[in-house]
Structure formats: structure tokens, C-alpha cells
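Taking the working numbering, I'd label the letters of the sequence shown as residues 2 to 111.
As C-alpha cells, the structure follows; a few thoughts come after it.
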Amino acid sequence: MMNSQELETAIRLGHRLVVLILQDDAYGMIRWKQAVNSYSDFGMTFGNPDFVAYAKAYGIEGRRIEGPNDLSPTLEAAFAAGGIHLISTPVDYSENMRVLVDELSSQKDI
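This is the structure:
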């Protein structure tokens, strides 16, 4: 979701939609790519709104993921319930190098 207009449109048109926000309080993926290429961190961090309150302001269901075990059941419940749901989950891009480079490159079948 790049703008809240998507939520307004989905609500107005009565669509079923589950929005998963990867909340890192930054342009995290860009920040990570800059760090990998030895660029300085400039203007990449900022504060985010309370996305659950934001969803409720639109009159839709908002949920916050508190831990990794909450993600699957929260997504399953949102898809099963229908309607429009916004789910905010924290992400940490510091593991990207290990997962995307070290672990995936060791997989022979990929």
C-alpha cells in the first residue's frame, strides 16, 4: 500500500482486501541496499502512524502482529472473515544478507 487511497477505493467498492504492512519505521529495504553498497544512511528513517488506529479511522479491521507466531493465524482469520483488513507487522532487514545471500546461495536447487 503506497497511499491510503487504495483503502478508500476498496471500501467504497466493497472489495475484499487484506493489506499487510511491513513496518520498519524507515525505507528499510532501500536503507539495507545502501548499507550493503557502503553508502551512508541519509534520510531513511522516520516515524510511522499507528496503523491499527489508521485502519479504524476508515472503519475497517486493523491488527498488529506482536510476534512471528501471530502472522499466519492473523492472515488466515482476515482472509476467512472477508471484508477489508489492515495488518501491521514489524520487520527487521538486518537479517537480509544472511537469508538472501548466505542461505539462498547455498541451495543447489534454486
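For every residue, glycine included, the Cβ atom is placed at its ideal position computed from N, Cα and C.
Exposed unless 16 or more other CB atoms sit within 10 angstroms - verdict on residue i
i: A54; result: exposed
i: T75; result: buried
i: L8; result: buried
Beta-bridge partners of residue i, as assigned by DSSP
i: T46; result: A27
i: S89; result: I22, R65
Minimum C-alpha distance to residue i - residue among the options
i: G29; options: V19, D42, L14; result: D42
i: R32; options: Q24, D26, M45, Y59; result: M45
i: I66; options: L87, Q6, G83, L8; result: L87
i: Y94; options: Q6, G15, Q24, E77; result: Q24
i: P91; options: P69, Y59, F47; result: P69
i: F80; options: G48, R17, E9; result: R17
i: F47; options: G60, E96, A27; result: A27
Per-residue DSSP class, three states only, for residue i
i: S73; result: helix
i: S95; result: helix
i: R17; result: coil
i: Y55; result: helix
Rounded straight-line distance, which links the Cα of residue j to that of residue i
i: N4; j: S39; result: 30 Å
i: I85; j: V19; result: 6 Å
i: L21; j: F52; result: 11 Å
i: K57; j: R64; result: 10 Å
i: S89; j: S107; result: 31 Å
i: V50; j: S73; result: At residue 50 the sequence reads Pro, which differs from the Val that was named. Near 24 Å, if we compare the C-alpha coordinates of S73 and P50.
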